[in-house]
Amino acid sequence: MSATEHSGGGGGTVAYIQHHLTNLHTGEGFWTFNWDSIIISLLLGAVIMWMASKVKANLESGTPGAFQNFVEMILEFVQTQVKDSFPGHNPLIAPLALTVFLWVWLMNFMDLIPVDLLPTLAAGVGIPYLKVVPTTDLNVPLAMALVVFVLSVYYNLKVKGPVGYLKMFLFHPFGKMAVPANIIMTMIEELAKPLSLGLRLFGNMFAGELVFLLIALLTLGATLSAGLLIWFPLQTVLDLAWLIFHILVITLQAFIFMVLTIVYLGMAHETDH
Amino acid sequence: MSITITLIAQVLAFTILIWLVNKHLWGPLSAVLEARQKKIADGLAASEKGLQEQEMAEKRAEEVITEAKQKAAEIIAQAEARSSQVIEESKGKATEEADRIIAGAQAEIDQEVNRAKDGLRKQVSELAVAGASKIVGKEIDLSAHKKALKDLIAQI
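From first to last, the protein sequence lines are chains A and B. Per this note's numbering, the very first residue in the first sequence carries number 1; after that it's consecutive. Per this note's numbering, the very first residue in the second sequence carries number 1001; after that it's consecutive.
So, in structure tokens, the structure goes:
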């Protein structure tokens, strides 16, 4: 963001974008809490749990309602993914994948809410900054990727054993002749997995949010000069097109995050590499 | 846009959410799904079994029916044989009886005829005597012409 800071010419638009890309935060440096990311993601987690409680309340009746059918559909979809790409059996993988899919999808979904709506409302009640899409905050996708990484290391150690895990670093991928190269290669490979997992989601959502902001910019100056209103039809069309496309993107990103989580943990469960 | 303590907070939140989803959404719902799958599988198995049983029962019923038919045919054949036998027997008896009756009647008729013949002979001889005495004009001594009369009677 520092590149665009204080660039005099388009001060209004830059300030607008920068404002939108700033988290509601307290603290300095590492000790910065991005409260909007934390609170919104927790609220979305609460939405999942509310969904769970609603399904659970209906569970005893035996006849599933429309809502339960919908949740069951998602659950079976996730189950199929786990069955297809996860070798063996681990009771943690499916709930983990379901959590990833639901949570990431809901956090991505915040992107479909008009970009200015929530920040403007928040400004109305005295909240200066609000970045509504938690997945556009690097910390959120990386936190999930980190959990997946820790789990994958844990299962690597558990399934392959410490020696087996070490062997993977020593003799993979080039065999016994190139141990130092193997260590470096495997290290990069293992670290690239969680990093790419988190950054992919972050990048997609950040870019999507930015495009929404750019589309919103078309008539931003309307209060200054009414002439900018000629862009209004174009803005509507572009916004609608990007919105429809983004429905696909947010679902796809949630799906990819889920599938890769399953695949990475599946790799950790493979005993013979 | 940097990695901060938010990351740690999110790691915690994510971990807790996984635990909660597992406990309150995945657990109960997958249990219900599994139970439903089992129920459906059981139902299908039961219906399959029922169908098999029905098939077997149908086969058994068919067997019973054919057996019954066979038995009925046997019984009918037996009855027919018995009845024809009875008919034959009664026919024989009736013929015998008829023959006996006819024979009896014939014997009686013969007797009557002989008796009538004897009577007639006597009458004829008397008539002949009476006729002859009229013709001759005198009493014919019966005893004197006993021999001639007897011959006459025998001739008639």
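We put the CB at the ideal spot given by N, CA and C, even for glycine.
Item checked: Between the CA atoms of A:TYR154 and B:GLN1037 - distance to the nearest angstrom -> Position 37 of the second sequence, counted from the start, is the residue given in the question as residue 1037 of chain B. Position 154 of the first sequence, counted from the start, is the residue given in the question as residue 154 of chain A. If I take the Cα positions, the gap works out to 33 Å.
Check: B:ASP1075 versus chain A: which residues are under 7 Å apart at the beta carbon?
Finding: Within the second sequence, residue 1075 of chain B is the residue found at index 75, counting from 1. Sequence inspection shows Ile at residue 1075 of chain B; the Asp mentioned does not correspond to that position. None at all; the shortest Cβ gap to chain A is about 57 Å.
Notebook entry, point to check: Does any CB atom of chain A fall closer than 9 Å to the CB of B:GLN1010?
Noted result: Position 10 of the second sequence, counted from the first residue, corresponds to residue 1010 of chain B. Output row for B:GLN1010: interface = yes.
Next item on the list: Check the Cβ-Cβ distances between B:GLY1043 and every residue of chain A, and say whether any is below 9 Å.
Entry: Reading the second sequence from its first residue, position 43 is the one you call residue 1043 of chain B. Closer than 9 Å: no.
Notebook entry, point to check: Under 9 Å between C-beta atoms, does A:LEU307 make it to chain B?
Noted result: This structure leaves residue 307 of chain A out entirely; chain A is present only between 1 and 273.
Item checked: Beta bridge counterpart(s) of A:PHE30 as assigned by DSSP -> For the purposes of this step, residue 30 of chain A is identified with residue 30 of the first sequence, where counting begins at 1. Bridge partners of A:PHE30 according to DSSP: none are assigned.
Checklist line | Same chain, Cβ closer than 8 Å to B:ALA1041, five either side skipped, listed in chain order | finding: As a position in the second sequence, residue 1041 of chain B is number 41, starting the count at 1. Nothing listed; no residue qualifies.
Notebook entry, point to check: Where does the unbroken alpha helix (DSSP H) through A:VAL35 begin, and where does it stop?
Noted result: Along the first sequence, one-based indexing puts residue 35 of chain A at 35. With the sequence shown as reference, residue 35 of chain A is identified as Trp, and Val is not the correct amino acid for it. Counting along the chain, A:TRP35 sits inside the alpha helix (DSSP H) bounded by residues 35-59.
Margin query: Once DSSP output is grouped into helix, strand and coil, what is the label at A:GLY164?
Written below: As a first step, residue 164 of chain A must be located in the first sequence, where it is residue number 164. Correct three-state label for A:GLY164: helix.
Notebook entry, point to check: Where does A:LEU43 land, buried or exposed, given buried means 16+ other C-beta within 10 angstroms?
Noted result: Along the first sequence, one-based indexing puts residue 43 of chain A at 43. Its Cβ having fewer than 16 others within 10 Å, A:LEU43 is exposed.
Notebook entry, point to check: Along the segment 1021-1033 of chain B, what residues have a CB closer than 8 Å to any CB found in chain A?
Noted result: Only those residues of the segment 1021-1033 of chain B whose C-beta falls short of 8 Å from the nearest C-beta of chain A are listed: VAL1021, ASN1022, HIS1024, LEU1025, TRP1026, GLY1027, PRO1028, LEU1029, SER1030, VAL1032, LEU1033.
Notebook entry, point to check: If you measure from the CB of B:ILE1153, is any heavy atom of the ligand GTP nearer than 8 Å?
Noted result: What this structure holds is no ligand at all, so the ligand GTP is not there to describe.
Next item on the list: Measure the alpha-carbon distance for A:LEU201 versus A:THR26 and round it to whole angstroms.
Entry: As a first step, residue 201 of chain A is located in the first sequence; it is residue number 201 there, counting from the start. As a first step, residue 26 of chain A is located in the first sequence; it is residue number 26 there, counting from the start. Rounded to whole angstroms, A:LEU201 to A:THR26 spans 25 Å at the Cα level.
Next item on the list: Using a cut-off of 8 Å between C-beta atoms, extract the partners of A:ALA94 located in chain B.
Entry: As a working mapping, residue 94 of chain A is identified with position 94 in the first sequence. Within chain B, the residues whose beta carbon sits less than 8 Å from that of A:ALA94 are TRP1026, SER1030, listed in sequence order.
Note to self: Beta-carbon within less than 8 Å of B:ALA1045's beta-carbon, same chain only, minus the 5 sequence neighbours each way: which residues are those?
What the structure shows: Along the second sequence, read from residue 1 onward, the residue named residue 1045 of chain B stands at position 45. None.
Check: Among A:TRP103, A:ALA66, A:GLN68, which one has its Cα closest to the Cα of A:VAL47?
Finding: If you number the first sequence from 1, residue 47 of chain A lands on position 47. Checking every option, the nearest Cα to that of A:VAL47 belongs to A:TRP103.
Item checked: A:THR219 versus A:PRO128 - alpha carbon distance -> Residue 219 of chain A sits at position 219 when you count from the first residue of the first sequence. Residue 128 of chain A sits at position 128 when you count from the first residue of the first sequence. Distance from the CA of A:THR219 to the CA of A:PRO128, rounded to the nearest whole angstrom, comes to 22 Å.
Notebook entry, point to check: Can you list, in chain order, the residues of its chain whose CB lies under 8 Å from that of A:SER7, leaving out five sequence neighbours each side?
Noted result: Here residue 7 of chain A is taken as the residue at index 7 of the first sequence, counted from 1. Any reading at A:SER7 is ruled out, since the residue's pLDDT is 36, under 50, leaving its predicted position unreliable.
Check: Shortest alpha-carbon distance to A:ILE188 belongs to which of A:MET205, A:GLN18, A:THR120, A:PHE169?
Finding: Residue mapping note: residue 188 of chain A aligns to position 188 of the first sequence, counting from 1. Check the Cα spacing between A:ILE188 and each of A:MET205, A:GLN18, A:THR120, A:PHE169: the tightest is with A:PHE169.
Check: At a Cβ threshold of 9 Å, is A:GLN81 touching chain B?
Finding: Taking the first sequence and counting its residues from 1, the one referred to as residue 81 of chain A is at position 81. Not one chain B Cβ lies under 9 Å of A:GLN81.
Item checked: Partner residues on chain A for B:ILE1040, Cβ-Cβ distance less than 8 Å -> Here the question's residue 1040 of chain B lines up with position 40 in the second sequence. Result: empty, since nearest Cβ-Cβ is about 13 Å, beyond 8 Å.
Notebook entry, point to check: Measuring CB to CB, does A:ASN277 end up less than 9 Å from A:SER37?
Noted result: It is not possible to answer for residue 277 of chain A, since the shown part of chain A is limited to 1 through 273.
Margin query: From the DSSP secondary-structure annotation, give me the bridge partner or partners of A:HIS25.
Written below: Mapped onto the first sequence, residue 25 of chain A falls at position 25. Its beta-bridge partners are A:ASN34.
Next item on the list: Please confirm if A:ALA143 has its CB atom under 9 Å from at least one CB of chain B.
Entry: On the first sequence, residue 143 of chain A is found 143 positions in, with the first residue counted as 1. Judged by the 9 Å Cβ criterion, A:ALA143 is in contact with chain B.
Item checked: 9 Å Cβ cutoff met for A:GLY98 and A:VAL78 -> Reading the first sequence from its first residue, position 98 is the one you call residue 98 of chain A. Reading the first sequence from its first residue, position 78 is the one you call residue 78 of chain A. At residue 98 of chain A the sequence reads Leu, which differs from the Gly that was named. Going by C-beta atoms, A:LEU98 is nearer than 9 Å to A:VAL78.
Check: At a CB-CB cut-off below 7 Å, which residues of chain B make contact with A:LEU42?
Finding: What you label residue 42 of chain A is simply residue 42 of the first sequence in a count that begins at 1. Simply ALA1013.
Checklist line | Given B:GLU1034 as reference, the closest of A:LEU75, A:GLY45, A:HIS20 once Cα atoms are compared | finding: Taking the first residue of the second sequence as 1, we reach residue 1034 of chain B at position 34. It is A:LEU75 whose Cα lies nearest to the Cα of B:GLU1034.
Check: Roughly how many angstroms separate the alpha carbons of B:ILE1065 and A:VAL71, rounded to a whole number?
Finding: Here residue 1065 of chain B refers to the residue found at position 65 when the second sequence is read from its first residue. Here residue 71 of chain A refers to the residue found at position 71 when the first sequence is read from its first residue. About 56 Å.
Checklist line | B:GLU1074 burial status per 10 Å Cβ neighbour count (16 or more: buried) | finding: Your numbering for residue 1074 of chain B matches position 74 in the second sequence. By the beta-carbon neighbour count (other beta carbons within 10 angstroms, threshold 16), B:GLU1074 is exposed.
Note to self: Strictly under 9 Å for the Cβ-Cβ distance: is A:SER85 near chain B by that measure?
What the structure shows: In the first sequence, residue 85 of chain A corresponds to position 85, counting from 1. Interface annotation, A:SER85: not in contact with chain B, CB-CB separation never under 9 Å.
Next item on the list: Please name the residues in the segment 254-267 of chain A whose beta-carbon is closer than 7 Å to at least one beta-carbon of chain B, in chain order.
Entry: Per Cβ criterion, the list is empty.
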